[in-house]
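Working notes, beginning with the structure itself.
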Amino acid sequence: MKLIRKKAAEVSSSRSRFAGEAIDRRTFLRRSGLALGGAAVATTLPPLMMRKAQASMTAPKAGVDTKLVKSVCTHCAVGCGVYAEVQNGVWTGQEPAFDHPFSLGAHCAKGASVREHGHGERRLKYPTKLVGGKWQKVSWDEAINEIGDKMLEIRKTSGPDSVYWLGSAKFSNEQSYLFRKFYAMWGSNNGDHQARICHSTTVAGVANTWGYGAMTNSMNDMRHSKAIMIVGGNPTEAHPVSMQHMFYAKERGAKLIVVEPRFTRTAAHADHYVRIRPGTDVAITWGMLWHIFENGWEDKEFINQRVWGMDQIREEVAKWTPAEVEKVTGADEATVKEAARLMAENRPSTHVWCMGGTQHTIGNNNTRSYCVLQLALGNMGTSGGGTNIFRGHDNVQGATDMCVLSHSLPGYYGLSAGAWKHWSRVWDVDYDWVQSRFDQGSYEKSKGKPVKPMNTKGFPVSRWIDGVLEDKANIAQKDNLRAMVFWGHAPNSQTRGLEMKKAMEKLDLLVIIDPYPTASAVMHDRSDGVYLLPAATQFETYGSVTASNRNLQWRDKVIEPLFESLPDQTIMYKFAKKLGFAEQFTKHIKVNDDEPLIEDATREFNRGMWTIGYTGQSPERLKAHQKNWHTFNPNTLQAEGGPVDGEYYGLPWPCWGTPEMKHPGTPILYDTSKPVAKGGLNFRARFGVERNGESLLADGSYPVGNEIGDGHPEFSDKLLKELGWWDDLSADEQAAAEGRNWKTDLSGGIQRVAIKHGCAPFGNARARAVVWTFPDPVPIHREPLYTSRYDLVAKYPTYEDRKSHYRLPVRYASIQAKDYSKEYPLILTSGRLVEYEGGGDESRSNPWLAELQQEMFAEINPADANDHGIKDGQQIWVEGAEGARLKVMALVTRRVAKGVVWLPFHFAGHLQGEDRRAKYPSGADPFVLGEAANTALTYGYDSVTQMQESKCSLCKIERA
Amino acid sequence: MARMKFLCDAERCIECNACVTACKNEHEVPWGVNRRRVVVLNDGVPGEKSISVACMHCTDAPCAAVCPVDCFYTTDDGIVLHDKDLCIGCGYCFYACPFGAPQYPQQSAFGVRGKMDKCTFCAGGPTADNSDAEYAKYGRNRIAEGKLPLCAEMCSTKALLAGDGDLVADIYRQRVIRRGGRPQTWGWETAYQS
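Chains A and B supply the protein sequences, listed in that same order.
Here the first sequence stands for residues 1 to 960, where the numbers follow the working numbering.
Here the second sequence stands for residues 961 to 1154, where the numbers follow the working numbering.
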């Protein structure tokens, strides 16, 4: 068809009449993209070829049978349903999933374009290695052999800890589980994934407050909220479909409050907007709580029954007078009080937070302060309330639960000998064999005793570069990292880009396993020792995926893997074979043609994940839910009638006991209005039964039907015997449960009996407002390392430097000792765009999305622009406080406050002004490239989880 | 007989661009041609609003009035379509259109316009329904399959509504009553004289 051939970028001729005087982001970008978009397309592939290839491959054909396949969008953790139309194995159409309980047919720009995955014109097409600076095609066998040989050699000379296995939140649950098992059997804790740099501080902060580190309610449940407060989140761009549920509430009178440094598109829909200085979340939260306490708005009965430590919080909050809050955050008394009033007078009110709250050196303080606010208001465990923590990637919740992390085994069992023994039993392998896989040396001490690498936290992904670059004498393992495997992880989502380049160049081996080459393929100047292996997308395999609200959704396979790509589970098996542990790896998992059977992986984690109730969700039950999307009520997510009547969609964890127990899932955590057997719960008894002589157990609060009728500790064989419930177990269950507790009894009997008597297996305790095991037991404000308010450092200093945390020294005070704010006067922060996701390699390779965002830019307030002689649309240099420079386009807008520069972080492929497009393998370069924001973002890590500080640094700007 | 209309609810539109990519996806519209787009007013300041715009399929369509080769026609459902075999790419319709809907593929910076392309309300064109030829020229014909435009069907917040004007108005009226605001049926007066 001649009419609509792709030729060059459009001329934006008609927009001005709608845009009027105001310049918007897209007019600006499209104008700027005039040459660029065309160049991007034209320079990489002749336009005629591209169009022809597309049309012939993917267009729906008349008169050909169409198969309809159900899947779930692979972009964010809202988990929207996808209906794919497939003809002759080609993905030819996408239909709205109106019967899907979360999305009700809706998508955002990303979800509405996932079919492009089925064309994948910019995908990595075959295994490739870098030889003398040139990409060279190799076979899968060659690649696995060469990589495996090199790894085994590194293992011999430097130990297993010198190879880093960086996994992905894009894995399905089964792949995540297999991946965690894979690097356990390789013999190292040096593995991690995106959760470290998105919500690790949430998981740690929230789990340590009340038991589980996850979203407590659901997107759908927000329909019942009377007020919704979003802090450091921008769901209109990051989780657009969640807004559907928020609007449902809002149009029935709910108040929407947005607390955020930037006037986001979400803020544009808010009833009340509070602008704060980046990095002052604790201060603003305590500022609101000050008003709540001052006016007696707190829920005293809830606090008395279910919270420990609120008195200590009161002491800290008393310091946050309106004047102090304004001084630190910039928000005045009336604005802060109004936010507090709206939350207090419109209960149940819910609290939503995202990266703006988590990515800080005090991220864990921030997340705990949000929890305390909700505890004070009595908003927990109730429909319409809760902490609705929006997770990022489609399966970041699941990958976190499977603990593709450097500090735990699946199900948050930790790394103690007991944890390893539990999982060795589940895997049915000898614990001694597992132990023998690890380095037997000892490089650090815990409580005065030497500890082995098997039991110590590995490097976090945020700091893998320090694992390479740090002096060997300062790291708590045998040798530096020498090989790095990026398995579904973009490097440009991590800070300190220039040091990362150095680290990549110092490695012996760099392996990238991904559907796209990613920036890892091009950001360094290596000439050899780099392998790119094409992984299939989630539409080319199948399995379960956990959405933000803890529910598991089953995906069917839409199409066969494109080109030479293979599903991740197959690649894992091939490596396990090469590295010599395939037999143990798949002992109880069927393998077909090198592909481990997904359902067997589900069943295996069902047998081990007792802690968080990933045990009831058998593949059969999940598939039944998928078949019956239409039977779930979107207001409650409960099936009404049909084959899964009464169950909650996706069996949100904890789904207690065995699948045969038919637990319906827990739609709202800690909700005492329902029996545990029907999805009710209470706070977890995770922190002992008393503290300083005070009981930590709940007082007079318990789920409906709890036969103890009060707080109680977690269940074990002993407790069952004491209660006289031991004989409720069958003989087989008794044999399995002897000497075990609710977390380690593989029969599930202890859980079954506890629930039979109306009790939560994990006990019934108070939430703790004070986490005495953390560096700051009461969450306090500390100034960022690179602060624009050096005058506040004396009063709110950061931590002292630490010698070893996650095997590495951590700098705090030594950086804050210097005042950078004179040389770098502007605050630098970052965020998301709706069209792109994460590092953006996938979405920038999708022409339908790439066309909408063609240029990396920086948002600058008009006052700052005028001070620097910068006009809208001009190229500028943004220089980070550690000296890295970004050449980007200026977008002059009042969206950011004076003194703040905002960058979207999805771009990559340019480095300090240099376009590195030529370095991509031919035909696999994304349509749009740009400077990676994180190149200029700086050092700084959370005191508990090593989350990177990517929301608050300093910069200076100048015209390019 | 139904009278098809679009309505974008600016209280709900969040400028997520799902409508734009859904359109690209459904019709494989090439880079540079946008049958639908999202326009933002007061970007970045209080009062910011966005609205999704495409051909509104006007009752008395100005494009049809000015077309020198008379390539436009209105279906029984009130959908304004055009015949690309007749279109000469003169661009008059672009000047006449109150919504900036007509699009022209750019051959080069100063090249010929090429034949006009615009939103079809997912109703294809004059060639046989759901034929390969129809798909190539006009995109998919969802109306013939008994479906509504994909942009509206996939809208993240149900801001964009498409379908029989009476039903669209009913849905919107209920919303307006619920939230106690004044109706703002942007573009309807121009497109449908109502």
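Glycine is no exception: its CB is placed at the ideal position from the N, C-alpha and C atoms.
Assign A/T157 to one of two classes, buried (16 or more other C-beta atoms within 10 Å of its C-beta) or exposed (fewer than that). Working through the first sequence from its first residue, we reach residue 157 of chain A at position 157. A/T157 is exposed by the Cβ-count criterion.
Alpha carbon to alpha carbon, what distance is there between A/R917 and B/V999? For the purposes of this step, residue 999 of chain B is taken as residue 39 along the second sequence, with counting starting at 1. For the purposes of this step, residue 917 of chain A is taken as residue 917 along the first sequence, with counting starting at 1. One C-alpha to the other measures close to 31 Å.
Helix, strand or coil, according to DSSP, for A/P659 in the structure here? Position 659 of the first sequence, counted from the start, is the residue given in the question as residue 659 of chain A. For A/P659, the secondary structure class from DSSP, reduced to helix, strand or coil, is helix.
Interface residues of chain A around B/Y1132 at Cβ under 9 Å? In the second sequence, counting from the first residue as 1, residue 1132 of chain B sits at position 172. Simply none; closest approach about 12 Å.
Just to confirm, are A/Y183 and A/G205 a CB contact at a threshold of 9 Å? Counting from 1 along the first sequence, the entry for residue 183 of chain A is found at position 183. Counting from 1 along the first sequence, the entry for residue 205 of chain A is found at position 205. Contact flag unset, no.
If the cut is a Cβ gap below 7 Å, which residues of chain A does B/K1078 touch? Taking the first residue of the second sequence as 1, we reach residue 1078 of chain B at position 118. Among the residues of chain A, none has a CB under 7 Å from the CB of B/K1078; the nearest is roughly 11 Å distant.
Give a yes or no on whether the minimum CB-CB distance between A/A112 and chain B is below 9 Å. Counting from one through the first sequence, the residue named residue 112 of chain A turns up at place 112. Yes - at least one Cβ of chain B is within 9 Å of the one on A/A112.
Three or more C-beta pairs under 8 Å: does that hold for the region 786-800 of chain A against the region 920-937 of chain A? The region 786-800 of chain A, when compared against the region 920-937 of chain A, does not touch it at the 8 Å Cβ threshold.
In three-state DSSP terms, what is A/S113? By 1-based counting over the first sequence, the position of residue 113 of chain A is 113. In the three-state DSSP reduction, A/S113 falls in the helix class (H, G or I).
Say whether chain B places a C-beta atom closer than 9 Å to the C-beta of A/W848. Counted from its first residue, the first sequence places residue 848 of chain A at position 848. For A/W848, the answer is yes, since a Cβ of chain B falls inside 9 Å of its Cβ.
Whole-angstrom distance between A/N346 and A/A997, CA atom to CA atom: No answer is possible for residue 997 of chain A: the residues shown for chain A start at 1 and end at 960.
Is A/M947 helix, strand or coil when you go by DSSP? Within the first sequence, numbered from 1, the residue matching residue 947 of chain A stands at position 947. Looking at A/M947 - three-state DSSP - the assignment turns out to be coil, as it is neither helix nor strand.
Judging by CA-CA distance, which residue of A/A207, A/E338, A/A331, A/K506 is the nearest neighbour of A/W297? Start at 1 with the first residue of the first sequence, and residue 297 of chain A comes out as number 297. Of the candidates A/A207, A/E338, A/A331, A/K506, the residue whose Cα lies closest to the Cα of A/W297 is A/E338.
DSSP on B/K1009, reduced to helix/strand/coil? Sequence index remark: in the second sequence, residue 1009 of chain B carries index 49 (1-based). Under the three-state reduction of DSSP output, B/K1009 falls in the strand class.
Go to A/I606, then tell me how far its alpha helix (DSSP H) extends in each direction, as first and last residue. Counting from one through the first sequence, the residue named residue 606 of chain A turns up at place 606. Per the sequence shown, the amino acid found at residue 606 of chain A is Asn instead of Ile. Bounds of the alpha helix (DSSP H) holding A/N606 are 598-608.
Among A/L903, A/E851, A/V944, which has the Cα closest to the Cα of A/A932? Position 932 of the first sequence holds residue 932 of chain A. Minimum Cα-Cα distance from A/A932 among the listed residues A/L903, A/E851, A/V944 corresponds to A/L903.
Chain B contact for A/P322 (CB, 9 Å cutoff): Residue numbering aside, residue 322 of chain A sits at position 322 when the first sequence is read from its first letter. Taking Cβ atoms only, chain B never reaches closer than 9 Å to A/P322, which makes this a no.
Burial state of B/I1048, where buried means 16 or more other Cβ atoms lie within 10 Å: Working through the second sequence from its first residue, we reach residue 1048 of chain B at position 88. Label assigned to B/I1048: exposed.
Backbone secondary structure at A/W308 - three-state DSSP: In the first sequence, counting from the first residue as 1, residue 308 of chain A sits at position 308. The three-state reading of DSSP puts A/W308 in strand, counting E and B together.
On the criterion of 16 or more Cβ atoms from any shown chain inside 10 Å, does B/R1142 qualify as buried, or is it exposed? Within the second sequence, numbered from 1, the residue matching residue 1142 of chain B stands at position 182. The residue in question, B/R1142, is exposed, as its Cβ has fewer than 16 Cβ neighbours within 10 Å.
By a C-beta neighbour count over all protein chains shown, 10 Å radius and 16 as the cutoff for buried, is A/G646 buried or exposed? For this step, residue 646 of chain A is matched to residue 646 along the first sequence. Taking a 10 Å sphere around the C-beta of A/G646, we find fewer than 16 other C-beta atoms and assign the residue as exposed.
In chain A, which residues lie with their C-beta within 7 Å of the C-beta of B/V1040? Numbered from 1 along the second sequence, position 80 holds the residue referred to as residue 1040 of chain B. The contacting residues do not exist; B/V1040 stays about 17 Å from chain A at best.
Should B/C1023 be flagged as near chain A, meaning a C-beta pair shorter than 9 Å? Counting from 1 along the second sequence, the entry for residue 1023 of chain B is found at position 63. No, because no Cβ of chain A sits closer than 9 Å to the Cβ of B/C1023.
Sufficient close CB pairs (3 or more, under 8 Å) joining the region 886-903 of chain A to the region 842-860 of chain A: Contact between the region 886-903 of chain A and the region 842-860 of chain A is established, with three or more Cβ pairs separated by less than 8 Å.
Is the beta carbon of A/F539 closer than 9 Å to that of A/R555? The sequence position of residue 555 of chain A within the first sequence is 555, counting from 1. The sequence position of residue 539 of chain A within the first sequence is 539, counting from 1. Yes; because the gap between Cβ atoms is below 9 Å, this pair is in contact.
Would you report the Cα separation of A/V336 and A/A344, rounded to the nearest angstrom? Walking along the first sequence from the start, residue 336 of chain A turns up at place 336. Walking along the first sequence from the start, residue 344 of chain A turns up at place 344. C-alpha separation (whole angstroms): 12 Å.
Along the beta strand (DSSP E) that carries A/V434, what are the first and last residues, could you check? As a first step, residue 434 of chain A is located in the first sequence; it is residue number 434 there, counting from the start. A/V434 -> not in any beta strand (DSSP E); alpha helix (DSSP H) instead, spanning 431-436.
For the beta strand (DSSP E) that contains A/L68, what are its first and last residues? Here residue 68 of chain A is taken as the residue at index 68 of the first sequence, counted from 1. DSSP places A/L68 in the uninterrupted beta strand (DSSP E) bounded by 67-72.
Tell me whether A/G37 is buried or exposed, calling it buried when 16 or more other Cβ atoms sit within 10 Å of its Cβ. The count along the first sequence starts at 1 and reaches residue 37 of chain A at position 37. Since pLDDT at A/G37 reaches only 38, below the 50 mark, its modelled position is unreliable, and the value read off the structure follows with that caveat. Buried, since its Cβ has 16 or more Cβ neighbours within 10 Å.
Beta-carbon separation of A/L961 and B/K1118 under 9 Å? As shown, chain A starts at 1 and ends at 960. That puts residue 961 of chain A outside it, with no answer to give.
Against A/F857, what residues of chain B qualify as contacts under a CB-to-CB distance less than 7 Å, listed in chain order? For the purposes of this step, residue 857 of chain A is taken as residue 857 along the first sequence, with counting starting at 1. Neighbours of A/F857 in chain B, taken as residues whose beta carbon is under 7 Å from its own, are absent, since the nearest beta carbon is some 13 Å off.
What are the boundary residues of the alpha helix (DSSP H) that B/K1097 is part of? Here residue 1097 of chain B refers to the residue found at position 137 when the second sequence is read from its first residue. Start and end: 1092-1098.
Show which residues of chain B have a CB atom less than 8 Å away from the CB atom of A/R115. In the first sequence, the residue the question calls residue 115 of chain A occupies position 115. Ordered by position in chain B, the residues that pass the 8 Å Cβ test against A/R115 are N985.
Chain-ordered neighbours of B/G1004 on chain A, where CB pairs are closer than 7 Å: Position 44 of the second sequence, counted from the first residue, corresponds to residue 1004 of chain B. For a Cβ distance threshold of 7 Å, residue set F263, T893, R894, R895 of chain A lies close to B/G1004, ordered along the chain.
Three-way DSSP call (helix, strand, coil) for A/Q136 in this model: Position 136 of the first sequence holds residue 136 of chain A. Three-state DSSP puts A/Q136 in a strand.
So B/L967 and B/Y1132 are in contact, right, with Cβ under 8 Å, and what is the actual spacing, rounded? Position 7 of the second sequence, counting from 1, holds the residue named residue 967 of chain B. Position 172 of the second sequence, counting from 1, holds the residue named residue 1132 of chain B. Yes, B/L967 and B/Y1132 are in contact; Cβ-Cβ is about 6 Å, under 8 Å.
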